Every structure is written in structure tokens, then in C-alpha cells.
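Please read the structure below before turning to the comments.
There are 2 protein chains.
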Amino acid sequence: MELPDVFTRYRPAITQGLRDALTDSELPLYGMLRYHLGWQDEHGKPLEANSGKAVRPALCLFACEAVGGQWSTALPAAVAIELIHNFSLVHDDIQDGDTHRRHRATVWYLWGHSHGVNAGDAMNILGNLAMFGSDGAALPPQTALTASRILTKACADMIEGQVLDLSFEQRANIRVDDYLLMISKKTGALLAASFHMGAAIGTHEARTTSEMLEFGKELGLLFQVRDDMLGVWGKPEVTGKSAANDIHRRKKSLPVVHALEHAKGASRDRLLAIYKSESPLTEKDLSDVLTIFAEVGSARYCEELARQTAEASLRHIESVEMSLAAKRECAEMTRFLLEREY
Amino acid sequence: MELPDVFTRYRPAITQGLRDALTDSELPLYGMLRYHLGWQDEHGKPLEANSGKAVRPALCLFACEAVGGQWSTALPAAVAIELIHNFSLVHDDIQDGDTHRRHRATVWYLWGHSHGVNAGDAMNILGNLAMFGSDGAALPPQTALTASRILTKACADMIEGQVLDLSFEQRANIRVDDYLLMISKKTGALLAASFHMGAAIGTHEARTTSEMLEFGKELGLLFQVRDDMLGVWGKPEVTGKSAANDIHRRKKSLPVVHALEHAKGASRDRLLAIYKSESPLTEKDLSDVLTIFAEVGSARYCEELARQTAEASLRHIESVEMSLAAKRECAEMTRFLLEREY
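Chains as they are written, first to last, in numbering that gives the first Met the number 0: chain X, 0 to 341; chain A, 0 to 341.
This is the structure:
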């Protein structure tokens, strides 16, 4: 299925905005940030431009345009949210001990934990600076303040989600509701803030802004639920990841959280034993996990939740004052997030 | 020598502002933050209020009042800067591997590196949120934005300073000028921002604000130079730290940076060997270091630099439109920082 145009059409402006935000400083700190963003290798040699998918800034610019604003006015907020998202990735990699991200060594793995912490901190701070805009592209003060507040609150939620996520690693008794609360914070908050900020910059109409926020919340949930499904049942030739990747990594994503809540007796014991063990997963382990998922209907549950979330997202859009074209694009996004295979 | 009144008189308001900023959330994340600030023990049991010295917020409120503003209007900025300062402490402790701070176990040492990173991130974000103020105490939008920009730029400087500091640990050839640049960023930026924000909130007069910023820069330098002197020659019974603490820790502070730049031949080789070694310092090592410091006049150099910095700070104050009482308090601060024994 094709990537909706909204995810790609703002890319040149976003890339330029990000480059402007990272100044030309030759300090080694900024080299680490440019490396993380894929602009240069670890020795400082420029790479073919690759700023990642930059989904959040695109959604922010789209939301501004959809509610009747000039999308370019939301650029400071769009750049800010992408930098904040990348701050969370740099620190996440430290916390999860991940040595690679998108087939490249992570910042801490190349430069050590201390510099990794600094690089994340710097990305966070540059995100806040970007919101103030360069002098020519600054938002009106009240708007900048509103957007800053939305982004900062979303950031606080994101960290709360990260803390919950870390605590889940130690626990067996996570319930689906706990899990959904965690992802609404850890992934959902920034995605929702993208829509919320964009709308708040594009219009002063409070109901429109709040419906866009709600739309964003549902899309954030939908994104993560689908991500969790692909992590278990995705096709490796499309996702680019190994089959049942999240089971091999023993990631406590939605399918296993659901199964742990609903499996009984020997099935539950087996599932717990597999997820507690630290030795590499055997073929037998994997097939047992998938069998238990099938017994308790975890795939069906995830599909149903995704479908309901998609419907809920569309209900928020129906009632917003917005051009038909913009509404159609919202529906396209929802459909893409519901059906994507990668 | 007595602590100037300016450092204590705003404390009740600062403490209250900090408590308001940390919400009543029962999430474990906020427990770590309250622990770090000394409000509760690691199990959540409240402690006698102890919010640390809170120097930066006091300077911010003072600056606002000194230039003719109502000090209480600067409270959001004062609370923000104290939280940002504490964010840097939490991450610093991780980077330096420090297990204790002011005789209490550090956050990462109690809860692990991952939670330590999160706790610092959260403190940073709450600092930004505090700037927006609770609804009753919010700054006018343009002022809030100006203050936010000052604080965020100072934060970026602080991280740059931290990166420089880490890189110095690996190097023998740090020159005094490199060192002074590093501390102007790592310690100086936030101290200067305290004065800068306070003044910018208290007056719209650009020259006054800029002189207060310069005053703050000099005080930040003076603070650190004196700190470095006390770390080598301070009296343990007054500082509360062991004698020659910074030499034992092999901290590359101003006296040794100066000595490494000026010592020659065998003295320099000996100094380098002692600072490169990883075994505990012997009595002989310590006395050799102090002898070399004396040979090249490191103490005299530090004293002279502190004196000149104090004079420079006062020149900025002379020309500011400010009450005589406020000018007198500035001079008191300078004198205190120049002469303090702890």
C-alpha cells in the first residue's frame, strides 16, 4: 500500500528546518547529533541526506494546513517536535542497551554513555530553541507559548511513559489497560502533540484544535497497536526485520500482554517461563508462544482494537470544520496506519 | 564571613514554587525527583525540608528586584532555573560515576542508570514547564518567551561545557584559556542566565539587562575560580571536604591546569605522571603536587584572577541604573564570592 502524500510532501522544508536548527557549530557535540540524524558518518564525512521518516513534523504541518493555516508557519513547531523525538531515541538507546538503530551504530555505542546522555540532552534543548524560530520565522509570542506548552507537556508524558515501560520489564502481571496507558504516553503523547500544535498554530478555534488533538491520540494508539502486530506477525520481506522479531527480543508488546492476561494454567505458566528465561529463544519456544497467542485470540484482539481505534479517529474528523480534501487525507492516514505492512 | 541576605531571603517563596512545580503525582518518577531535591528518602518518607542552597533562583529574583521589578514576577523563571540546574546535577552524577552527593546516594546509584537518565530528563522538562507558570502566576507572553529563550540558550551552553569537560579528562594539554572557556559554559552560563532573566523580567531597558548579564558572567567565573581554590587549599574544617580534595580526585581544575601550562622539565613530567596514574595518591604525590603549584605560582595566579574578576564585575554594576541599596548588595555578593572559605 502506498505511503500517503502527506508523509512526503513537506520533507524538503523539514530537512532545511532541521539543518538550520543544528547550526554550523564545529563542536564535537553537534557532530554526534548530525551523525544520529544520518547526515554524516562518525568521522564527520557527509552522507547522502537521510533525515529518517520525519513523520511527526509532517503531521504537525499537515494539521496546521488542514485547519486553514499556512503550513509554513508551523515549521518551528515541526522542527522542534522532530528534535524532541530524536532526543528520546538517543536516550532510549542507552536505556535499552541497543547497539544499533536502522543498521547504524547508536551514539552511545560509538562515543560512550556519558556523551550519549549529553547528545540526547542537547537534542532536547535544541528542540526547545527551535520553537522560538530564527528571527524571520518566529511565531507570534502567544502562539509560540501555546505550542511550547503543548510540546513540553507531551514531553513530560513521554518520560512518564518511558518510566512505566522500564518498570514493565521487571513485571509479569502487566494488564492490557496498563499497557495501553503506557503507550498512550510513551508513543502517543508526541504524535498527538504534532496534531495539537499544528492545529493550535493554524486556528484559534478551540473545538477544532481539540478534535485534532483527539484525532492525533487515536492515530498514536493505532500506530503503536499496528507496530506491535507487525513485530509478531509482520512479513520479514516487507518489514525489513526478522520474523517474530518482538518475540525473539521478548518485548512485552500488546500480543503478549494480552495473552498473559487471558491465558490460563499450563499455557500461562509456559508463556511466563519463556518470557522470563534469558537464553536465546528456540524454535519450540517460538511455536509455543504463537500457539498460545492463537488459543487466546491475541491477533484477533489486536485487529479489533486497531479497527475500533481507526473508527474512533474518523469520528473526530467528521465533526471538524475542514475542507473535504483535508478530511480525505485524514481518512487516508487512518487507513494507512490500519493496513500498513511495514 | 556571613552569607549575604540575598541568598536566604527568598527561600520560602522558592521552596513553595519548587513544590508547586513538582505536582502531587504519585508516579515513581516524581518520587525520584523529590528524593534528589532532599524532600523525601528513597522510600518516599518525607524529610525535613532541605532544598539545597538554591543560589540561582535567589540571584534571579534579586536581579528582577534590583532593576526595579517586583521580585515575585520572576518566580516562574527562578523555579525553572533551579530545576534545570538539578537536571544537570542528576545527569552529571551519571557521567562522573558519583555515587554520593552532599552525603546522600545519587539517583542513578539507587535506581540505576536508565531511571537516572529519565529523572534528569524529567527535571529538565519540568523546568521548562515551570517557566509557563501556573495560571495565576504566568508571565506576559513576550516576557515568558524572552526568559525561555535566555534559559534555553544557557542550557545549550551548559551542555557544550559539559562535553568540553568530559573531553578534558582524556587530555593532558589543556591550556588555561580552554579551561576558562569550559567553565564559562558549564557553570557560568546558568549563573549568568539567572541575572539575565531576572533583569529582563524586571525591566525593558536593554542596557540595564545587558550589564546585569555581564555582572552575572563575572560572578559565575569568580564563583568557579574560588571553588577551584578551595578544592586545593580550602580548610577542611570549614569546607566540610577533605584537604586537597580536588588533588586526591585528580580533578583538572584551575590550579593544575595553570601548573601544567607553566611547569617545565622534571616538574611537568612529575605532575603529568601523578595525574595520569590511577592508583590512590600517596603523601609524597600530594606534597610534590603542592610544591610544583608553589614553584609556578598557581595560587598567586588564581588569587589574581579572582581579584580581577571581582573588579570587572563591579565595573558593570557602577554604570547600571539601580538603587544604591541594590548596588551595595551586588558588591556584597562579589565580596562574598571572592573571600568565602566554604
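Glycine included, C-beta positions come from ideal geometry on N, C-alpha and C.
Computed from a predicted model, the values in this text were never measured in an experiment.
Report back the beta-carbon spacing between residue i and residue j to the nearest angstrom; my notes put them in contact at under 8 Å.
i: G197 (chain A); j: C59 (chain A); result: 4 Å
i: A199 (chain A); j: A243 (chain A); result: Going by Cβ atoms, the distance from A199 (chain A) to A243 (chain A) rounds to 41 Å, so no, they are not a contact pair.
i: A53 (chain A); j: E25 (chain A); result: Not confirmed; about 25 Å, so no contact.
i: Y29 (chain X); j: L21 (chain X); result: 6 Å
i: L138 (chain X); j: P75 (chain X); result: 6 Å
i: F194 (chain X); j: A62 (chain X); result: 4 Å
i: S113 (chain A); j: Q94 (chain X); result: 4 Å
i: L46 (chain X); j: A118 (chain X); result: With 8 Å as the limit, L46 (chain X) and A118 (chain X) do not qualify as a contact, their Cβ atoms being about 17 Å apart.
i: R225 (chain A); j: L313 (chain A); result: Contact flag wrong, Cβ pair sits at about 16 Å.
i: V256 (chain A); j: Y274 (chain A); result: In fact, because the Cβ distance is near 10 Å, the residues do not count as touching under 8 Å.
i: E204 (chain X); j: E320 (chain X); result: 7 Å
i: M332 (chain A); j: P3 (chain A); result: 6 Å
i: C301 (chain X); j: L271 (chain X); result: Going by Cβ atoms, the distance from C301 (chain X) to L271 (chain X) rounds to 20 Å, so no, they are not a contact pair.
i: T308 (chain X); j: L212 (chain X); result: Contact doesn't hold; Cβ gap of about 15 Å is too wide.
Just checking: is the beta-carbon of residue i within a distance shorter than 8 Å of some beta-carbon in chain A?
i: T105 (chain X); result: no
i: K152 (chain X); result: yes
i: N85 (chain X); result: no
i: F131 (chain X); result: yes
i: Q161 (chain X); result: yes
i: L128 (chain X); result: yes
i: L345 (chain X); result: In the structure as shown, chain X begins at 0 and stops at 341. Residue 345 (chain X) is therefore absent and cannot be evaluated.
i: A311 (chain X); result: no
i: R148 (chain X); result: yes
What does DSSP give as the partner residue(s) for residue i in the beta ladder?
i: H99 (chain X); result: X:A104
i: Q39 (chain A); result: A:P45
Could you tell me whether any Cβ in chain X is nearer than 8 Å to the Cβ of residue i?
i: V237 (chain A); result: no
i: D287 (chain A); result: no
i: R8 (chain A); result: no
i: R248 (chain A); result: no
i: I158 (chain A); result: yes
i: I182 (chain A); result: no
i: A73 (chain A); result: no
i: N244 (chain A); result: no
i: L125 (chain A); result: yes
i: V78 (chain A); result: no
i: A155 (chain A); result: yes
i: N117 (chain A); result: yes
i: A121 (chain A); result: yes
i: R327 (chain A); result: no
i: R170 (chain A); result: no
i: H315 (chain A); result: no
i: S113 (chain A); result: yes
Q. With a cut-off of 8 Å, do at least 3 Cβ pairs link the segment 163 to 170 of chain X to the segment 103 to 117 of chain X?
A. no
Q.
Give me the subset of the segment 90 to 101 of chain A whose CB atoms are less than 7 Å from a CB atom of chain X, sorted by chain position.
A. The segment 90 to 101 of chain A vs chain X, Cβ under 7 Å: H90, I93 and Q94.
(Q) Pairs of beta-carbons, one from the segment 154 to 165 of chain A and one from the segment 180 to 198 of chain A, closer than 8 Å: are there three or more? (A) yes
Q.
To be precise: take each residue of the segment 193 to 221 of chain A, compare its Cβ to all Cβ atoms of chain X, and keep it if any distance is under 7 Å. Which residues remain?
A. none
Q | Contact set between the segment 11 to 22 of chain X and chain A, restricted to residues whose Cβ is under 7 Å from the partner | A | Taking 7 Å as the Cβ-Cβ cut-off against chain A, none of the residues of the segment 11 to 22 of chain X qualify.
Q. Is the segment 206 to 221 of chain X in contact with the segment 183 to 195 of chain X, if contact means three or more CB pairs nearer than 8 Å?
A. yes
Q: Select from the segment 27 to 43 of chain A all residues with a C-beta closer than 7 Å to any C-beta belonging to chain X, and list them in chain order.
A: Residues passing the 7 Å Cβ filter: P27 and L28.
Q: State whether the segment 121 to 134 of chain X contacts the segment 81 to 97 of chain X, with contact taken as three or more CB pairs (one from each stretch) at a distance under 8 Å.
A: yes
Q: Residues of the segment 135 to 146 of chain A with a CB closer than 8 Å to any CB of chain X: list them in chain order, please.
A: Listed by position, the residues of the segment 135 to 146 of chain A near chain X (Cβ gap below 8 Å) are P140, Q141, A143 and L144.
Q: Report yes or no: do three or more beta-carbon pairs, one from the segment 287 to 304 of chain X and one from the segment 28 to 43 of chain X, lie closer than 8 Å?
A: no
Q. Going along the chain, which residues of the segment 248 to 265 of chain A sit with their C-beta nearer than 8 Å to a C-beta in chain X?
A. none
(Q) Short of 7 Å Cβ to Cβ, which residues in the segment 47 to 71 of chain A face chain X? (A) none
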